[in-house]
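See below for the structure under consideration.
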Amino acid sequence: MERKKGISANVIVLGVVSFLNDVASEMVYPIVPIFLMSVLGAPALVVGFVEGLADSISKILMAFSGVFSDRSQKRKPYVVWGYSFATFSHLVMSLAGTWPLVMFARVINRTGKGVRTSARDALITESSDKVSRGRNFGFHRTMDSLGAVVGPLLSILVLKWLGGNYRMLFFAAFFPALLGVLMFVFFVKERKKKPL
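Just remember that this note's numbering sits 33 ahead of the position in the sequence shown, which is counted from 1.
Okay, structure coming up:
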């Protein structure tokens, strides 16, 4: 596998994909409580419930997806579905007219995170040799963190440009996420292994 400064081609693409996904997610996430309360009129209790439920589902699914990914020795399908769920959630959010639909969108988003995370980390491990594994994980985490910084800043700029239209912001977040999914599908290669 081709390498650039000890970082595998797969991990470079995964880093860019994580950056794009985090940009999209962080464009949306800080705005959700404001959208729920100021636009949809949801009580503060609902805001906490929505995020608590979504995060709980994500944590549970991480364990199960890791087990199934190990048994099948297939990583890519779990990661594709995980990123696709997150991407679709931005479209749902842009159409939400009630808080239960926002909750549904957040659950879809966190379900995507739960489905993809363990398989993605396994894919990074399998795409790295022992000597450069730490460097590969470090690169991926750096790109992930960079997306978390760029996302909120981009959210402010886009909101200002859109005149404070939250739904259009959520719709705009769909596009970097979609680009990430397409990059993963076409450019990440999975090593073929026999099922356990």
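Beta carbons are placed, not taken as given, at the ideal position from N, Cα and C, and that holds for glycine.
Buried or exposed (CB count within 10 angstroms, at least 16 for buried), residue i
i: R108; result: buried
i: F219; result: exposed
i: W132; result: buried
i: I67; result: exposed
i: V61; result: buried
i: V214; result: buried
i: I64; result: buried
i: S89; result: exposed
i: A75; result: buried
i: S160; result: buried
i: G196; result: exposed
i: F217; result: buried
Endpoints, the alpha helix (DSSP H) within which residue i is located
i: S33; result: Here the chain has residues from 34 to 229 only, and residue 33 is not among them.
i: M201; result: 199-220
i: G85; result: 77-105
i: G130; result: Looking at the DSSP string, G130 is not in any alpha helix (DSSP H), and its letter there is neither H nor E.
i: R108; result: Taken as a continuous stretch (DSSP letters only), R108 belongs to no alpha helix (DSSP H), as it is neither H nor E.
i: V50; result: 42-61
Residues of its chain near residue i, where Cβ-Cβ distance is below 7 Å and the 5 sequence neighbours each way are ignored
i: Y111; result: S98, S102, V148, R149, A152
i: L187; result: V56, M60
i: K222; result: N43
i: A155; result: S102, R108
Other residues of its chain near residue i: CB distance less than 8 Å, five sequence neighbours each side excluded
i: F172; result: I40, V44, I45, G48
Residues near residue i in its chain [Cβ-Cβ closer than 6 Å; skip 5 each side]
i: S127; result: R200, F203, F204
i: V191; result: L202, A205
i: A87; result: R139, V140, R143
i: S165; result: G39
Supposed close pair residue i, residue j - CB separation, criterion 8 Å
i: I157; j: N142; result: Actually they do not touch by this definition, with Cβ atoms about 22 Å apart.
i: V56; j: V183; result: 5 Å
i: G115; j: K146; result: 7 Å
i: L53; j: L212; result: 6 Å
i: V125; j: V83; result: At roughly 13 Å, the Cβ-Cβ gap does not stay under 8 Å, so V125 and V83 are not in contact.
i: A119; j: A210; result: 6 Å
Secondary structure of residue i, DSSP reduced to three states
i: L73; result: coil
i: L195; result: coil
i: G39; result: coil
i: R139; result: helix
i: R12; result: Coverage of the chain is limited to positions 34 through 229, which leaves residue 12 absent and any answer about it impossible.
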